[in-house]
Amino acid sequence: MVDYISRLDRALEAPEGGARSLALLGSTGSIGRSALEVLRLHPEKFRVRALAGARNITLLAAQAAEFRPEYLGVMAEEDIPRLRGLLPAGFSPVILSGREGYERIASLAEVEMALTAQTGAAGLRATYAAAAAGKIIALANKESLVLAGGVLRAACARSGAVILPVDSEHNAVFQCLAGGIAARRGGNAQAGVSRLILTASGGPFWGKTRKFLRTASPEQALDHPTWSMGAKVTIDSATLMNKGLELIEASHLYGLPMSALEVVVHRESVVHSLVEFCDGAQLAQFGRPDMRVPIAYCLGFPHRLSSGLPGPDLPALGALTFARPDAENFPCLALARRAQERGRGCPVVLNAANEEAVAAFLARRLAFTSIPLVVERCLDEHSRRIAGEAGRKDGPDFGGPDAGRIGAVRQDAPDQYADAAGERAAVDEIFALDARARAQAQEIIESLPFNSKPA
Ligand SMILES: NC(=O)c1ccc[n+]([C@@H]2O[C@H](COP(=O)([O-])OP(=O)(O)OC[C@H]3O[C@@H](n4cnc5c(N)ncnc54)[C@H](OP(=O)(O)O)[C@@H]3O)[C@@H](O)[C@H]2O)c1
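If you count by the numbering used here, then the sequence shown holds residues 1 to 455, one letter each, in order.
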């Protein structure tokens, strides 16, 4: 096992030859494009070795023509000839496809840091491959930790990999903890950390009535007041499931129990999260609501890089507001909390049911207010199933519920997975559970008449 301090030390080392070599998974998405904008500002500091998208072949070809990586990744093998045809004459990178392709890209020997910014559960395979291969992981794909926080912690401890959080809230916490310096001094307890407060914008539907929410359209849900993001995470922001997933992510990253993680609604999206210490002091990180800021922090860590953005204009903002979340209209937050507290695969089911429900909502097959209903029914069914199994076996945990061990970013690793083969088996088990939960979510979605009044 490689301890966390030496892992962080490795991330703190100056990149070899002055340039950090990178693989960007999800380069064609919102986070991927923002990362490339930051990289354009610092051509001497980075070498882009690999870019991977999924279906947007035209954009991937344009990115490849500009950054000239040695490797490209796409989802479908059939797209490779088209991609090759769009590349400039004389430029012929290796093009990989599908799950194995993404895994190979995330673990390339020549890559020092992998940005994992694919969307949804699909991102876990690449994140795990990077963790198993000992990479510095700039983690945007929060689902990786939601599904497999324990497995990833074990893989990092075994291989020497380290996770730097890209998600703006977790990045804010990381910054407030002085980039892991708390851990270097012996953990959160010694650093006096008592709780984390994650801020939530509240999304486009904050303050709306139940009546409005019942007939809310995808266009209305996609119209986020402060952040510009991919479709899935924007809908999660409207239901507050995004904040629920982030609570789970934070418990894995920072090793605090769910009871020490709080959410406050902060409409201006300028304070990205806070750390509270035992003396009652709170440290907050301020910044514009733009992912280039946390991305630049991770890419350059431990050095600060220009993100291309100035700080917020505080006098222009005038006032900042904070409120408690509305649990009645946004039940996803409590569902996520409960799933992590229960553990035993509940976060996997929560995420799978949510992904299916969000896709159905975007396809106009499900009412906005039925998204939490689908998630809750899938969780109830899973809870019944694992309760029936309790006498036989304690069931796979994959990382939750949180044991309340302290480390920022977390340094303990569950001893549940003896070796890489055990971790890979756990990842396969997670995807089997994910598939079962998706099938069940589809049945529930089919059974609910569109725009029905939720029970
Ligand atoms: N956007 C934000 O501001 C933000 C903030 C914090 C965290 N995050 C997290 O970052 C991740 C990415 O979010 P995003 O907003 O950038 O999403 P996005 O704009 O939808 O982009 C997703 C990326 O993943 C690729 N992709 C889609 N399905 C895939 C699959 N099945 N396998 C492999 N690759 C796939 C897409 O490729 P194609 O486009 O080529 O099909 C695209 O490159 C999510 O986990 C999200 O929660 C996002």
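We put the beta carbon where it would ideally sit given N, CA and C, even for glycine.
Discussion item. Let's see if you can read the secondary structure: which residues bound the alpha helix (DSSP H) around Leu253?
Written reply: Residue mapping note: residue 253 aligns to position 253 of the sequence shown, counting from 1. Here the alpha helix (DSSP H) through Leu253 covers 241 to 254.
Item to complete: Note the first and the last residue of the continuous beta strand (DSSP E) segment covering His272.
Response: For the purposes of this step, residue 272 is identified with residue 272 of the sequence shown, where counting begins at 1. From DSSP, the beta strand (DSSP E) with His272 extends over 271 to 277.
Discussion item. Between which residues of its own chain and Phe67 is the CB-CB distance below 8 Å, once the five residues before and five after are set aside?
Written reply: Here residue 67 is taken as the residue at index 67 of the sequence shown, counted from 1. Within the same chain, Phe67 has close Cβ partners Leu36, Leu39, Val48, Leu51.
Worksheet item: Shorter than 9 Å from the beta carbon of Ala432 to some beta carbon of chain B?
Response: Absence of chain B from the displayed structure is noted, only one protein chain being present.
Worksheet item: Do you know how far the Cα of Phe330 is from the Cα of Ile406?
Response: Within the sequence shown, the letter at position 406 stands for residue 406. Within the sequence shown, the letter at position 330 stands for residue 330. With a pLDDT of 31 at Ile406, under the threshold of 50, the predicted position of this residue should be treated as unreliable, though the coordinate-derived value follows. Computed Cα separation, rounded: 30 Å.
Worksheet item: Just the Cα atoms here: how many angstroms apart are Arg392 and Ser383?
Response: Along the sequence shown, read from residue 1 onward, the residue named residue 392 stands at position 392. Along the sequence shown, read from residue 1 onward, the residue named residue 383 stands at position 383. Only weak support is given to the placement of Arg392: the predicted model assigns it a pLDDT of 41, under 50, and the value that follows is read from those uncertain coordinates. In a straight line, the C-alpha of Arg392 is about 15 Å away from that of Ser383.
Worksheet item: Is Ser194 helix, strand or coil by DSSP?
Response: The residue labelled residue 194 in the question sits at position 194 within the sequence shown. It is a strand residue.
Worksheet item: What is the C-beta distance between Ile430 and Leu83, in whole angstroms, given that I count them as a contact (C-beta under 8 Å)?
Response: Counting from one through the sequence shown, the residue named residue 430 turns up at place 430. Counting from one through the sequence shown, the residue named residue 83 turns up at place 83. With a Cβ gap of about 30 Å, Ile430 and Leu83 do not count as contacting.
Worksheet item: Would His224 pass as a contact of Thr209 if the rule is Cβ separation under 9 Å?
Response: Residue mapping note: residue 224 aligns to position 224 of the sequence shown, counting from 1. Residue mapping note: residue 209 aligns to position 209 of the sequence shown, counting from 1. Result no, Cβ atoms of His224 and Thr209 do not sit closer than 9 Å.
Discussion item. What does the alpha-carbon distance come out to for the pair His42 and Ala352?
Written reply: Taking the first residue of the sequence shown as position 1, residue 42 is located at position 42. Taking the first residue of the sequence shown as position 1, residue 352 is located at position 352. Approximately 38 Å, taken between the alpha carbons.
Item to complete: Since I believe Leu320 is in contact with His266 (beta carbons under 8 Å), could you give me their beta-carbon distance rounded to a whole number of angstroms?
Response: For the purposes of this step, residue 266 is taken as the residue at position 266 of the sequence shown. For the purposes of this step, residue 320 is taken as the residue at position 320 of the sequence shown. Indeed they touch by this definition, with Cβ atoms about 7 Å apart.
Practice prompt. For Pro449, count neighbouring Cβ atoms within 10 angstroms of its own Cβ and tell me buried if that reaches 16, exposed if not.
Written response: As a first step, residue 449 is located in the sequence shown; it is residue number 449 there, counting from the start. Exposed: under 16 other Cβ atoms inside 10 Å.
Worksheet item: My guess is that Val263 and Leu350 are in contact by the Cβ rule of under 8 Å, so how many angstroms apart are they, rounded?
Response: Working through the sequence shown from its first residue, we reach residue 263 at position 263. Working through the sequence shown from its first residue, we reach residue 350 at position 350. About 16 Å separates the two Cβ atoms, so there is no contact after all.
Worksheet entry | Rounded distance between the beta-carbons of Leu196 and Ala281, thought under 8 Å | Mapped onto the sequence shown, residue 281 falls at position 281. Mapped onto the sequence shown, residue 196 falls at position 196. Contact doesn't hold; Cβ gap of about 14 Å is too wide.
Item to complete: Sort Asp419, Cys332, Arg438, Pro325 by Cα distance to Glu381 and report the nearest one.
Response: What you label residue 381 is simply residue 381 of the sequence shown in a count that begins at 1. Ranking Asp419, Cys332, Arg438, Pro325 by Cα distance to Glu381 puts Arg438 first.
Item to complete: For Leu87, name the three-state secondary structure that DSSP assigns.
Response: Taking the first residue of the sequence shown as 1, we reach residue 87 at position 87. Three-state DSSP puts Leu87 in coil, outside helix and strand.
Worksheet item: Along the chain, where does the beta strand (DSSP E) that runs through Ala138 open and close?
Response: As a first step, residue 138 is located in the sequence shown; it is residue number 138 there, counting from the start. 136 to 139 is the extent of the beta strand (DSSP E) around Ala138.
Fill in: 6 Å CB neighbourhood of Leu477 in its chain, flanking five on each side removed
Since the first and last residues shown for the chain are 1 and 455, residue 477 lies out of range.
Worksheet item: Any heavy atom of ligand 1 within a distance shorter than 8 Å of the CB on Gly123?
Response: Residue 123 sits at position 123 when you count from the first residue of the sequence shown. Correct: Gly123 has its Cβ closer than 8 Å to ligand 1.
Worksheet item: Using the C-alpha atoms, what's the distance from Tyr417 back to Pro257?
Response: Stepping through the sequence shown from its first residue, residue 257 is reached at position 257. Stepping through the sequence shown from its first residue, residue 417 is reached at position 417. Each residue's Cα considered, the two are about 22 Å apart.
Worksheet item: So what does DSSP say about Arg153, is it helix, strand or coil?
Response: One-based indexing of the sequence shown puts residue 153 at position 153. Reduced to three states, the DSSP call for Arg153 is helix.
Worksheet item: Is the closest heavy atom of ligand 1 to the C-beta of Gln102 under 8 Å?
Response: For the purposes of this step, residue 102 is taken as the residue at position 102 of the sequence shown. The sequence shown places Tyr at residue 102, rather than the Gln named in the question. True, at least one ligand heavy atom lies under 8 Å from that Cβ.
Item to complete: Taking all protein chains shown into account, decide if Ser447 is buried (16 or more other Cβ within 10 angstroms of its Cβ) or exposed.
Response: Taking the sequence shown and counting its residues from 1, the one referred to as residue 447 is at position 447. Ser447 should be labelled exposed.
Worksheet item: Is the closest heavy atom of ligand 1 to the C-beta of Ser370 under 8 Å?
Response: Along the sequence shown, read from residue 1 onward, the residue named residue 370 stands at position 370. Because no heavy atom of ligand 1 lies under 8 Å away, the Cβ of Ser370 does not count as near it: no.
Worksheet item: Taking only runs of the alpha helix (DSSP H) that begin and end inside the segment 292 to 317, which ones reach a length of at least 4 residues, in chain order?
Response: 292 to 300, 314 to 317
Discussion item. When you measure from the CB of Ser269 to every non-hydrogen atom of ligand 1, does any distance come out below 8 Å?
Written reply: Taking the first residue of the sequence shown as position 1, residue 269 is located at position 269. Not under cutoff, so the answer is no.
Fill in: Three-way DSSP call (helix, strand, coil) for Ser97 in this model
Counted from its first residue, the sequence shown places residue 97 at position 97. Strand.
Discussion item. Suppose contacts are defined by Cβ-Cβ distances below 9 Å. Is Leu274 in contact with Gln285 by that definition?
Written reply: Locating residue 274 in the sequence shown gives position 274, counting from the first residue. Locating residue 285 in the sequence shown gives position 285, counting from the first residue. It is a contact, given that the beta carbons lie within the stated cut-off.
Discussion item. With distance defined between alpha-carbon atoms, name the residue in Arg324, Ser269, Phe277 nearest to Ala260.
Written reply: Numbered from 1 along the sequence shown, position 260 holds the residue referred to as residue 260. Ala260 has its Cα closest to that of Phe277, out of Arg324, Ser269, Phe277.
Item to complete: Between the Cα of Trp206 and those of Arg337, Leu317, Arg324, spot the shortest distance and give me the residue it belongs to.
Response: Walking along the sequence shown from the start, residue 206 turns up at place 206. Of the candidates Arg337, Leu317, Arg324, the one whose C-alpha sits nearest the C-alpha of Trp206 is Arg324.
Item to complete: Please classify Ala114: is it buried, with 16 or more other beta-carbons within 10 angstroms of its beta-carbon, or exposed?
Response: Counting from one through the sequence shown, the residue named residue 114 turns up at place 114. Under this definition Ala114 is a buried residue.
Practice prompt. Round the Cβ separation of Tyr102 and Gly73 to the nearest angstrom and send it over; I've been treating them as touching at under 8 Å.
Written response: Counting from one through the sequence shown, the residue named residue 102 turns up at place 102. Counting from one through the sequence shown, the residue named residue 73 turns up at place 73. Sure, about 5 Å apart at Cβ, within 8 Å.
Practice prompt. Would you kindly report the start and end of the unbroken alpha helix (DSSP H) that includes Ala441?
Written response: Reading the sequence shown from its first residue, position 441 is the one you call residue 441. Note, Ala441: alpha helix (DSSP H), 420 to 447.
Worksheet item: Should Arg20 go down as buried or exposed, given a rule of 16 or more other Cβ atoms within 10 Å for buried?
Response: The residue labelled residue 20 in the question sits at position 20 within the sequence shown. By the neighbour-count rule (16 or more Cβ atoms within 10 Å), Arg20 is buried.
Discussion item. Could you check whether the Cβ of Ser30 sits closer than 8 Å to any heavy atom belonging to ligand 1?
Written reply: Taking the first residue of the sequence shown as 1, we reach residue 30 at position 30. Yes, the beta carbon of Ser30 sits closer than 8 Å to at least one heavy atom of ligand 1.
Item to complete: Give, in chain order, every unbroken run of the alpha helix (DSSP H) that is at least 4 residues long and sits entirely within the segment 321 to 392.
Response: 332 to 342, 346 to 362, 371 to 389
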